[in-house]
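Residue numbers (our numbering): 13 to 84. Backbone N, C-alpha and C fix where the C-beta goes; we use that ideal spot for every residue, glycine too.
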Amino acid sequence: MAKRTKKVGITGKYGTRYGASLRKTVKKMEITQHSKYTCTFCGKDAVKRTAVGIWKCKGCKKTMAGGAYTVS
Numbered sequence: 013m014a015k016r017t018k019k020v021g022i023t024g025k026y027g028t029r030y031g032a033s034l035r036k037t038v039k040k041m042e043i044t045q046h047s048k049y050t051c052t053f054c055g056k057d058a059v060k061r062t063a064v065g066i067w068k069c070k071g072c073k074k075t076m077a078g079g080a081y082t083v084s
């Protein structure tokens, strides 16, 4: 079993570097960036980010433009 993080979550990869407050803001940003969103075309919870500003639905295969970190 791999060692898990208790508080830091996705920013555990940075270790003790960069300071706590910077890692906290990056954590919020990276969670929104990697989460799945609801598709406006098919209604499925399947929209993922492929690149900066490019979002693709796995359900209906539609590609849409959006924000850098969220679909909106």
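- Note that the region 37–45 touches the region 64–84; at least 3 beta-carbon pairs, one per stretch, sit closer than 8 angstroms.
- In this chain, the alpha helix (DSSP H) harbouring isoleucine 43 covers 32–46.
- Cβ neighbours of alanine 58 within its own chain (closer than 7 angstroms, five residues either side excluded): Lys48, Cys51, Cys69, Lys70, Gly71.
- Rounded to the nearest angstrom, the Cβ distance from lysine 39 to glycine 21 is 6 angstroms, consistent with a contact under 8 angstroms.
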